[in-house]
Structure formats: C-alpha cells, structure tokens
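A.B. asks: In order, the protein sequences belong to chains A and B. Just so you know, the first sequence maps onto residues 1 to 345 in our numbering. Just so you know, the second sequence maps onto residues 1001 to 1345 in our numbering. Glycine is no exception: its CB is placed at the ideal position from the N, C-alpha and C atoms. The following block contains the structure, expressed as structure tokens.
Protein chains: 2
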Amino acid sequence: MLNEIRENALIERLAGSFSRSPLQLNALQESDAELIRLPGTELVLALKTDLIVEEIETGLYDDPYLIGWMAVMANASDLAAVGAQPVGVLLAETIPPEAEAGFLAKLQAGVRDACAVCGLHVLGGDTNYSAHMQVGAFALGLIPNGAPMTRIGCQAGDLLYSSGALGQGSVYAFCKLQGEGRDAAAFRPVARIREGQAVRLFASCCMDTSDGALATLDQLMRLNGVGFRLSTPLEKILHPDALALARSRSLAPWMLLAGPHGEFELLFTVRSDREPQFLECADALGWHPLCLGAAMTEPAIHVVAGTGTTVLDTATIRNLFGQCGGRVDAFIQGLHRLGPAPLSA
Amino acid sequence: MLNEIRENALIERLAGSFSRSPLQLNALQESDAELIRLPGTELVLALKTDLIVEEIETGLYDDPYLIGWMAVMANASDLAAVGAQPVGVLLAETIPPEAEAGFLAKLQAGVRDACAVCGLHVLGGDTNYSAHMQVGAFALGLIPNGAPMTRIGCQAGDLLYSSGALGQGSVYAFCKLQGEGRDAAAFRPVARIREGQAVRLFASCCMDTSDGALATLDQLMRLNGVGFRLSTPLEKILHPDALALARSRSLAPWMLLAGPHGEFELLFTVRSDREPQFLECADALGWHPLCLGAAMTEPAIHVVAGTGTTVLDTATIRNLFGQCGGRVDAFIQGLHRLGPAPLSA
Chain A
1 MLNEIRENAL IERLAGSFSR SPLQLNALQE SDAELIRLPG TELVLALKTD LIVEEIETGL
61 YDDPYLIGWM AVMANASDLA AVGAQPVGVL LAETIPPEAE AGFLAKLQAG VRDACAVCGL
121 HVLGGDTNYS AHMQVGAFAL GLIPNGAPMT RIGCQAGDLL YSSGALGQGS VYAFCKLQGE
181 GRDAAAFRPV ARIREGQAVR LFASCCMDTS DGALATLDQL MRLNGVGFRL STPLEKILHP
241 DALALARSRS LAPWMLLAGP HGEFELLFTV RSDREPQFLE CADALGWHPL CLGAAMTEPA
301 IHVVAGTGTT VLDTATIRNL FGQCGGRVDA FIQGLHRLGP APLSA
Chain B
1001 MLNEIRENAL IERLAGSFSR SPLQLNALQE SDAELIRLPG TELVLALKTD LIVEEIETGL
1061 YDDPYLIGWM AVMANASDLA AVGAQPVGVL LAETIPPEAE AGFLAKLQAG VRDACAVCGL
1121 HVLGGDTNYS AHMQVGAFAL GLIPNGAPMT RIGCQAGDLL YSSGALGQGS VYAFCKLQGE
1181 GRDAAAFRPV ARIREGQAVR LFASCCMDTS DGALATLDQL MRLNGVGFRL STPLEKILHP
1241 DALALARSRS LAPWMLLAGP HGEFELLFTV RSDREPQFLE CADALGWHPL CLGAAMTEPA
1301 IHVVAGTGTT VLDTATIRNL FGQCGGRVDA FIQGLHRLGP APLSA
C-alpha cells in the first residue's frame, strides 16, 4: 500500500538492498528522524538529513537568508516530530565559486538565526563549489529516556491534532511560483521543537507536514492502516492567509493542503483518554494545538468544508505534482479535474 | 598561520559567526570528525559530513560504483582518523531524474559494499533530483571511553607514521584527468577503521590524507606549531604505482604527494617512548605502519629523495591547485616551477 505513492516506491527501491543497523529502532519510512539506540545507556539519538535542491533549482527559494533558514529548519522539524532535544547540525553547502560575500553572509545568517531559534549549534560541515547551488544539513538530537515517538501507533478513535493552522507552505509556493512577488520575509516557518517534546509524552503517532498536510495524512494512513476524518471544518483548519488565497483564486479549501510544499507543523494523534492531560500540558506551554478530527477504521481521508463532507483521493493527489513535471498551473488544473466526490454533510 | 591557506581562510569565514556547542570537544579545524560529548555517559560521538561534488563535475569520478564507494569512504576515513567505532551513515543523494535503473543500482552497490567493508550501516538519507549529480553522506561513529584522538597534540621529537604507502590518490587523479583510461576498478581506497582504533591508544595527533599527503602534513604543522622531517627516502614512502608514474613522467617524487586528491591513509605521530608498544599492537593486527620520520621544532616540511634533502613550500603547493582553476597541466607546470631548494644530504 505504501508503494502506491511514487516517492515511497523510489525510497524502497533505493534503500531496499541496504542492511539495517541492529542499533536502529525504526524501520524504513516509520519515523521522521532515524532513531539509534546507544548501547549501555538510556539515550536514543535522532538523526536526520535533508537538502534543499529542487527548491533552489525551481526558484521557490531564491533569497539566501531563506535558503539558510530552511536548510536548518527542514531538519529541525524532523527532530521535533520524534520529540528530540536539539543538539546541533552539520552543514552541507554547495555554493557558486563566484558567490559574493554579501550573498554568503546572508546564507550563513539564515543558518545562524534558525539554529538559535531551535536551540541548535553548528557542529561542522562540508563546503563544495559548483554553479549549481544546494544547501542542506544533518541534524542530531537526543531523546533522554522513554520510547521515542514515531509515525506508527495510531488506532481508530484516536484524536487527530495539528500543532497549528495549516496551508502557509502552499500559500508561499503558490505566490512565489506564480510570480506574485510576496515579500521573501513572509515565510519563516519555525520547527515545533518544544511542542514536539511535549507531544512525545502523549501521542500515539506523529509526523511533520513538510511535504504538505494531505501527504502527511496519507502517509500516516498507509503506515497505520487507519483513515482520518477531519470533522473540524477546513475553514477553521486553514491559516487565514490560506483561506484568503482559496477565496481570491476560487480554489477549494482542501487544495491548500494538497501541495507538496508544507509548513512544518506537526500532525499527531492522541488517545482520547489522554486528551485532558495533553491539553493541560499544552496550556502550560502557552500553546494551542488544533483538533482536526479523529482516526477511523476506513482507510480514507474525509474533510468537511462548507456544507458537505468530501473524500479525497490522496494517492492521486500525492502523485500529481510529479506527473505534472512540477508545473504549478498544471498541478492546479489537475486538482480541479479531480473533483472530489461530495458526501452528505 | 592557518589562514595562509586559502581553504582554511574560507572555512574560517563561513563558520566564524556560528556559536559552538558546549558539548563539542574540538574547535574548528582541530579534528577530522566533530566530537560530541554525551551528557551523563562516557561516550563521545564522532560526526562527519563529506559530499562528492567537484569530483563528479570535473569527471574525476564518473563510474557510479566508485561514486557510491567514495561517498561512504571519504566519511568513514574521518571516523578512522579520530579512532571511532563505525555506526552508520545517512546518504545525501542528488541524482538525475533520467538516471537509468542500472546506473542507480551500481551507485547503491558502491554505497552498500563500502559500508560492509567499514562496518557501517545505511541508517537513512535524503534523495533529490537534479541534472547536476552530487552524492554524499553523514557518518556517525562512537568512541566508547577515554580521550578521542584529534589533529592536536604533537611535539617535536614525536615519530611520524603513515598507515601505508602514499601517492595512489595522485596516481588515480593524474591518469584519470589526463585521459589515460585506467581501469575504474583500480582505485578503491579502504578507510583505516581498525587501524585508527589502535592508533587512538598511542598517537599524539592524527589526520587522514584525503586532501593529499603534503596538505595533511602542512595542516598538522600549522595546528601544532611543529615541522616534519621525512627522513625515510620518498622512494620508500611512495606506493610503487606512484614511483613508477614519477619515473615515467619525469616528476620529482614529492610531486606525487602534492595533489589535492589523497588516498585515505592516516598520518599520525607517536611519542618515541610509546613506539615499542604501538608496534607490538600493530603487529598483532597484522598491520605494518610506515615510519616516515619525526616532528621537529622548525615549522617546515623536509623530504629526502635521491641524494638530497628538500624543503617544500607547502603553503604555495596547497594554494596552487585552486590558483590553476583546477587544471592538471597548469598545476604540474606550477609544481615544476616551484623548484624546491635542495638542502645538503
């Protein structure tokens, strides 16, 4: 069922012949960060690497500060999704040999500031030179005791939460790639590090929305064999910017969750009997998680908007962007054509 | 003194504004891998990232199996140079979207086989798509107890050793870039993991030769404020292939140590009173390290070849390849022009 999604099938094909470490707690796809047991201790390491390549090549990220920021944040968000304490990053920077000092200073300032916000330090790195820029990082976190949080463990009836309103990743990508010249400073997602550490105490599964909210729900569905009904109306789930864009462009609200560029919130499930304690803990952090709905037995994604419930074909939606060769216009036309079947309200 | 070398100055400029982690044992440049103390334990983590970028772009590595092999080995060698036990790697692969299945299978086979030789596992990774291929990894190792080995600690009088004969990295690069069509399978360096773990018990400093042997000696000189006299004739230090190439191309033997493409041996120093115990340990491993000479007070690099001693201007040599824009012919002409001053034999 995982391999119905093109990206999952590619990962399986690339990683299929590798042996797993006896120290590794998670199997392929099961966790946002790799979880490594440290012999003779209670510690678990959380390791992650993510590189910013296509985002630079397509022009989605062209501001050097944003590129540096995102290279750290994409990795930090995966540490958050396993509930790890941040330790540090190693940078992997391929930069143009003719890059000006001002450009590099902004890139490094983005790295530095993102690290400071997340409680990470730059531990080291590798710098290479090529006209084809790409910037990434490798992040290290620690889970001091207890079971780490993974994408696995959700059961029907568990409550589905988001760490915050969704859709800002799509808003940024839509405006940037349609040449609407939004202020580059408008998109500065912050990994939910502190929230992730709290979520780890209560959640039955967790994953970040870095690849888009619907992709996240679809992946959790495939991994856990359960579906999700988002009974909270999408109008309340979407960030106000996303809702405004949907209205001004005549997009259905769910389309703002369908793009592959996410916003680094956490989606997680909590067993209903643990909800009161979880909300108490969130309240103590001054944090207001958003209840989206609940897991259900049927492996499908249902959303509520306006007066009706809609079932979304998330497999087709996830594969669509690649099939469109990454062209935003074609992707949006494709979403319109999908015309999800309305259910009774 | 470090910043006399262009690459050192760039690293300083890129990393200068970053704060260091209180858990990190090494400062910038002081270690082949980053060394992170784990609170509440005796464990030290060794972390490293290295990406294969210029080697692919220039055509130095064009065989997919070799690219996969080197992406692992370059990182494994840095784990070896701090004496760490290997744990695993995360891969960072940017591959052409149109890459054929056979090409990818060879790339992954190179990764898999290099990991198996080094006792590493693939823990995870990130795959991106671009016409501009680059492949790298992040490596994790463990140092279970005691002080990790760094590039720092050598004193005048310490004996200088290499884990093996030198110059094969230069031979491969020379032949490949001069279009001599050597068999791609001829270059398969193996990181000195087991030897590094033994060296850690005895060495006063250690560094791998991944950037070339003279660059390594020069860097150890700058970091420790001592020089090195290679009293063993270069004819005995060079690998037979390197010596043969020097003879057939009328190159001075030292030129085979001057290129920036190394062979992943370890250069390290041992206090003279510890040498007997070190050699006993090496013998037990069936390993024959090569004594090159000794550290000396004067911060210079002296080599012996033929009937004379030569002092090498390693700063000029290290900066030369970049100044030649990476062109091998110009680099070799530059080496010839350097005409190192002969000393009395």
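My assumption, with CB atoms under 8 Å, is that Arg112(A) sits in contact with Ser1017(B). Please give the rounded CB distance.
C.D. replies: The residue given as residue 112(A) occupies position 112 in the first sequence. The residue given as residue 1017(B) occupies position 17 in the second sequence. The C-beta distance from Arg112(A) to Ser1017(B) rounds to 6 Å, short enough to fall under 8 Å.
A.B. asks: Using a Cβ cut-off of 8 Å (strictly closer), state whether Arg1112(B) contacts chain A.
C.D. replies: Residue mapping note: residue 1112(B) aligns to position 112 of the second sequence, counting from 1. Chain A, which has a Cβ nearer than 8 Å to the Cβ of Arg1112(B), makes this yes.
A.B. asks: Is the beta carbon of Gly1136(B) less than 8 Å from the beta carbon of Ile1052(B)?
C.D. replies: Looking up residue 1136(B) in the second sequence gives position 136. Looking up residue 1052(B) in the second sequence gives position 52. Yes, the Cβ-Cβ distance between Gly1136(B) and Ile1052(B) is below 8 Å.
A.B. asks: Who are Leu1312(B)'s beta bridge partners in DSSP?
C.D. replies: Stepping through the second sequence from its first residue, residue 1312(B) is reached at position 312. Partner(s): Ile1301(B).
A.B. asks: Take the Cβ of Glu1195(B) as the centre, count every other Cβ of all protein chains shown within 10 Å, and call the residue buried at 16 or more, exposed below.
C.D. replies: On the second sequence, residue 1195(B) is found 195 positions in, with the first residue counted as 1. The residue in question, Glu1195(B), is buried, as its Cβ has 16 or more Cβ neighbours within 10 Å.
A.B. asks: If Ile152(A) and Cys205(A) are in contact, beta carbons under 8 Å, what's the gap, nearest whole angstrom?
C.D. replies: Looking up residue 152(A) in the first sequence gives position 152. Looking up residue 205(A) in the first sequence gives position 205. At roughly 6 Å, the Cβ-Cβ gap stays under 8 Å, so Ile152(A) and Cys205(A) are in contact.
A.B. asks: Can you list, in chain order, the residues of its chain whose CB lies under 6 Å from that of Gly1169(B), leaving out five sequence neighbours each side?
C.D. replies: Within the second sequence, numbered from 1, the residue matching residue 1169(B) stands at position 169. Excluding positions up to five away in sequence, the list reads His1261, Gly1262, Glu1263.
A.B. asks: Name the one or two DSSP bridge partners that Val89(A) has.
C.D. replies: Position 89 of the first sequence holds residue 89(A). Checking the DSSP bridge columns, you'll see Val89(A) partnered with Val122(A), Ala139(A).
A.B. asks: Between Gly1308(B) and Tyr1065(B), what straight-line distance do the alpha-carbon atoms span, to the nearest angstrom?
C.D. replies: If you number the second sequence from 1, residue 1308(B) lands on position 308. If you number the second sequence from 1, residue 1065(B) lands on position 65. Taking the straight line from one Cα to the other gives about 42 Å.
A.B. asks: For Ala1345(B), count neighbouring C-beta atoms within 10 Å of its own C-beta (all shown protein chains included) and say buried if the count is 16 or more, exposed if not.
C.D. replies: Taking the first residue of the second sequence as 1, we reach residue 1345(B) at position 345. Any reading at Ala1345(B) must be qualified, since the residue scores a pLDDT of 34, below 50, and its modelled position is unreliable; the value itself is stated next. Here Ala1345(B) is exposed. Its C-beta has fewer than 16 other C-beta atoms within 10 Å.
A.B. asks: Quick one: which unbroken beta strand (DSSP E) runs of 3-plus residues sit fully inside the segment 1272-1299 of chain B? Chain order, please.
C.D. replies: 1290-1296
A.B. asks: Kindly indicate if chain A contains any beta-carbon less than 8 Å away from that of Arg1020(B).
C.D. replies: On the second sequence, position 20 is the one that residue 1020(B) refers to. The beta-carbon of Arg1020(B) is placed less than 8 Å from the nearest beta-carbon of chain A.
A.B. asks: Got a sec, what are the start and stop residues for the alpha helix (DSSP H) Thr58(A) sits in?
C.D. replies: Working through the first sequence from its first residue, we reach residue 58(A) at position 58. From DSSP, Thr58(A) is part of no alpha helix (DSSP H); its letter is neither H nor E.
A.B. asks: Any contact between the segment 1287-1298 of chain B and the segment 1243-1252 of chain B? By contact I mean 3 or more CB pairs, one from each, below 8 Å.
C.D. replies: no
A.B. asks: Could you work out which residues of chain A lie near Ile1072(B), taking near to mean beta carbons separated by less than 7 Å?
C.D. replies: On the second sequence, residue 1072(B) is found 72 positions in, with the first residue counted as 1. Per the sequence shown, residue 1072(B) should be read as Val rather than Ile. Result: empty, since nearest Cβ-Cβ is about 11 Å, beyond 7 Å.
A.B. asks: By the DSSP assignment, the beta strand (DSSP E) with Thr49(A) in it spans what residues?
C.D. replies: Reading the first sequence from its first residue, position 49 is the one you call residue 49(A). That run of the beta strand (DSSP E) goes 44-52.
A.B. asks: For Tyr1129(B), decide whether its Cβ has a neighbour in chain A, counting only Cβ atoms nearer than 8 Å.
C.D. replies: Here residue 1129(B) corresponds to residue number 129 of the second sequence, with the count starting at 1. So yes, Tyr1129(B) belongs to the interface.
A.B. asks: In whole angstroms, what is the alpha-carbon distance linking Val1082(B) and Gly1157(B)?
C.D. replies: Here residue 1082(B) corresponds to residue number 82 of the second sequence, with the count starting at 1. Here residue 1157(B) corresponds to residue number 157 of the second sequence, with the count starting at 1. When rounded, the distance between both Cα atoms is 22 Å.
A.B. asks: Taking 8 Å as the limit between beta carbons, can you name the residues of its chain near Ala1305(B), skipping five residues before and five after?
C.D. replies: For the purposes of this step, residue 1305(B) is taken as residue 305 along the second sequence, with counting starting at 1. Counting only Cβ-Cβ distances below 8 Å, and skipping sequence neighbours, we find Pro1233, Leu1234, Glu1235, Ala1252, Pro1253, Trp1254.
A.B. asks: Taking 8 Å as the CB-CB limit, is Leu1043(B) close to chain A?
C.D. replies: As a position in the second sequence, residue 1043(B) is number 43, starting the count at 1. Yes, because at least one Cβ of chain A sits closer than 8 Å to the Cβ of Leu1043(B).
A.B. asks: If you reduce the DSSP assignment to three classes, tell me which class Met1149(B) lands in.
C.D. replies: Residue 1149(B) sits at position 149 when you count from the first residue of the second sequence. Note: Met1149(B) maps to coil in three-state DSSP.
A.B. asks: So, does the CB of Pro342(A) fall closer than 8 Å to a CB anywhere in chain B?
C.D. replies: Start at 1 with the first residue of the first sequence, and residue 342(A) comes out as number 342. Because Pro342(A) sits at a pLDDT of 49, beneath the cut-off of 50, its placement in the model cannot be relied upon, and the point is left open.
A.B. asks: If we require 3 or more residues per run, which beta strand (DSSP E) segments fall completely within the segment 194-279 of chain A?
C.D. replies: 203-208, 227-230, 266-270
A.B. asks: Quick one: what's Thr37(A) bridged to in DSSP?
C.D. replies: In the first sequence, residue 37(A) corresponds to position 37, counting from 1. For the sequence presented, residue 37(A) should be read as Arg rather than Thr. DSSP output for Arg37(A) lists Val44(A) as bridge partner(s).
A.B. asks: Under 7 Å, CB to CB, which of the residues in the segment 1023-1054 of chain B have a partner in chain A?
C.D. replies: Leu1023, Gln1024, Glu1034, Ile1036, Leu1038, Thr1041, Leu1043, Leu1047, Thr1049, Asp1050, Leu1051, Val1053, Glu1054
A.B. asks: I'd like to know whether the C-beta atoms of Leu1123(B) and Gly1146(B) end up nearer to each other than 8 Å.
C.D. replies: Residue 1123(B) sits at position 123 when you count from the first residue of the second sequence. Residue 1146(B) sits at position 146 when you count from the first residue of the second sequence. No, Cβ-Cβ distance for Leu1123(B) and Gly1146(B) is not below 8 Å.
A.B. asks: Consult DSSP for Asn1128(B) and reduce its assignment to one of helix, strand or coil.
C.D. replies: Within the second sequence, residue 1128(B) is the residue found at index 128, counting from 1. Asn1128(B) falls in the strand class under three-state DSSP.
A.B. asks: Find the residues of chain B that neighbour Gln108(A), judging by a C-beta separation of less than 7 Å, and give them in chain order.
C.D. replies: Position 108 of the first sequence, counted from the first residue, corresponds to residue 108(A). Result: Leu1014, Ser1017.
A.B. asks: Can you name, in chain order, every residue of its own chain whose Cβ lies under 6 Å from the Cβ of Leu201(A), other than the five neighbours on each side?
C.D. replies: Within the first sequence, residue 201(A) is the residue found at index 201, counting from 1. Answer for Leu201(A): no residue qualifies.
A.B. asks: Which whole-angstrom value is the C-beta distance of Gly68(A) and Leu10(A), which I expect to be below 8 Å?
C.D. replies: Residue 68(A) sits at position 68 when you count from the first residue of the first sequence. Residue 10(A) sits at position 10 when you count from the first residue of the first sequence. About 28 Å separates the two Cβ atoms, so there is no contact after all.
A.B. asks: In chain B, which residues lie with their C-beta within 7 Å of the C-beta of Gly88(A)?
C.D. replies: Position 88 of the first sequence, counted from the start, is the residue given in the question as residue 88(A). Here the neighbours are Ser1021.
A.B. asks: Apart from the five residues just before and just after Glu34(A), which ones in its own chain have a Cβ nearer than 6 Å to its Cβ?
C.D. replies: Locating residue 34(A) in the first sequence gives position 34, where the first residue counts as 1. The residues are Leu47.
A.B. asks: Taking the Cβ atom as the reference point for each residue, do Ala1315(B) and Glu1093(B) lie within a distance shorter than 8 Å?
C.D. replies: Your numbering for residue 1315(B) matches position 315 in the second sequence. Your numbering for residue 1093(B) matches position 93 in the second sequence. Contact: no.
A.B. asks: In terms of residues, what are the limits of the beta strand (DSSP E) holding Leu1159(B)?
C.D. replies: Walking along the second sequence from the start, residue 1159(B) turns up at place 159. Note, Leu1159(B): beta strand (DSSP E), 1159-1162.
A.B. asks: Take His1336(B) and list the residues in its own chain whose beta-carbon comes closer than 6 Å to its own, dropping the five residues that flank it on each side.
C.D. replies: The residue you call residue 1336(B) lines up with position 336 of the second sequence. Counting only Cβ-Cβ distances below 6 Å, and skipping sequence neighbours, we find nothing.
A.B. asks: Could you tell me which residues DSSP puts in a beta bridge with Gln1178(B)?
C.D. replies: As a position in the second sequence, residue 1178(B) is number 178, starting the count at 1. BP columns for Gln1178(B) are empty, so no partner.
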